[in-house]
Amino acid sequence: MQKEKIIQSSLDILHVSIEKKMNEITSSGSRVS
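Given below as C-alpha coordinates:
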(Lines of atoms letter the chains of each structure in order from A; the text may use other names.)
(Lines give C-alpha, C1' and ligand atoms only; values in the text may rest on other atoms or scores of the structure.)
Protein backbone atom coordinates (compact mmCIF):
# COMPACT_ATOMS: atom_id res chain seq x y z
CA MET A 78 0.00 0.00 0.00
CA GLN A 79 2.79 2.40 0.94
CA LYS A 80 4.62 1.69 -2.32
CA GLU A 81 1.53 2.49 -4.39
CA LYS A 82 1.15 5.81 -2.58
CA ILE A 83 4.75 6.77 -3.32
CA ILE A 84 4.32 5.86 -7.00
CA GLN A 85 1.07 7.83 -7.17
CA SER A 86 2.62 10.94 -5.63
CA SER A 87 5.63 10.79 -7.96
CA LEU A 88 3.28 10.42 -10.92
CA ASP A 89 1.36 13.48 -9.73
CA ILE A 90 4.60 15.47 -9.49
CA LEU A 91 5.60 14.34 -12.98
CA HIS A 92 2.20 15.30 -14.36
CA VAL A 93 2.37 18.76 -12.78
CA SER A 94 5.84 19.44 -14.17
CA ILE A 95 4.72 18.33 -17.64
CA GLU A 96 1.69 20.63 -17.45
CA LYS A 97 3.95 23.54 -16.49
CA LYS A 98 6.26 22.81 -19.41
CA MET A 99 3.32 22.65 -21.81
CA ASN A 100 1.98 25.94 -20.46
CA GLU A 101 5.38 27.58 -20.95
CA ILE A 102 5.61 26.29 -24.52
CA THR A 103 2.10 27.40 -25.46
CA SER A 104 2.44 30.81 -23.81
CA SER A 105 5.81 31.52 -25.44
CA GLY A 106 4.59 30.22 -28.78
CA SER A 107 1.07 30.82 -30.06
CA ARG A 108 -1.41 32.07 -27.46
CA VAL A 109 -3.87 29.24 -26.85
CA SER A 110 -6.03 29.50 -23.75
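According to our numbering, the stretch in the sequence shown is residues 78 to 110, in order.
We treat Cβ as the ideally placed atom computed from N, Cα and C, and that holds for glycine.
None of these values were measured; they are calculated from a predicted model.
Helix, strand or coil at residue 78 according to DSSP, with G and I counted as helix: coil
Residue 90 versus residue 105 - alpha carbon distance: 23 Å
Close-in-space but distant-in-sequence residues of the same chain around residue 110 (CB under 7 Å, 5 per side omitted): Confidence at residue 110 is low in this model, with a pLDDT of 49, below 50, so its placement is unreliable and no value can be given for it.
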